[in-house]
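Residue numbers (this note's numbering): 40 to 143.
Glycine included, C-beta positions come from ideal geometry on N, C-alpha and C.
Have a look at the structure below before the remarks.
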């Protein structure tokens, strides 16, 4: 289970960057203002993506104010799943002459 907790005050925005060298996301990771992480992988995709997230508010930086959180980093690992090999015959009937070798 992965949980993102946004505490202390309302967050007006979330800035994120995704390092996805394998291009495994059909829908890239995003985090809602409520803290819900969502993404969708391409079929049969696998690899590792690194996500950097910063919460932003509108409080400004006057008088020493801070309007950004520290950068939080996490990874998404999509594991490889071995697929069963398949094949198809172009023709379901194979004719072999007597005393002749056979190969497909």
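Problem - Beta-carbon spacing of residue 94, residue 80 below 8 Å - result: no
Handout entry: Neighbourhood of residue 107 by C-beta, 6 Å cutoff - its chain only, sequence neighbours within 5 removed
Key = 93 and 95
Handout entry: Sheet register partners of residue 113 (DSSP bridge)
Key = 90
Practice task
Pick helix, strand or coil for residue 131, following the three-state DSSP scheme.
Solution key: In the structure shown, the three-state DSSP call for residue 131 is coil.
Handout entry: Cα-Cα separation between residue 55 and residue 101, rounded to whole angstroms
Key = So the two alpha carbons sit approximately 24 Å from each other.
Exercise for the section: For residue 132, collect the residues of the same chain with a Cβ closer than 6 Å to its Cβ; drop the 5 residues on either side in sequence, then sort them by chain order. Expected result: none
Problem - Rounded separation between residue 82 and residue 126 - CA only - result: Looking at the two C-alpha atoms, the distance is approximately 20 Å.
Practice task
Below 8 Å on the Cβ atoms is my guess for residue 114 versus residue 89; work out the distance and round it to an integer in Å.
Solution key: 5 Å
Handout entry: DSSP bridge partner residues for residue 57 (one or two, in chain order)
Key = Looking at the DSSP output, residue 57 bridges to 90.
Practice task
Out of 116, 136, 128 and 124, point me to the one whose CA is closest to residue 57's CA.
Solution key: 116
Problem - Cβ-based neighbour list, residue 109, same chain, cut-off 8 Å, excluding 5 preceding and 5 following - result: 93
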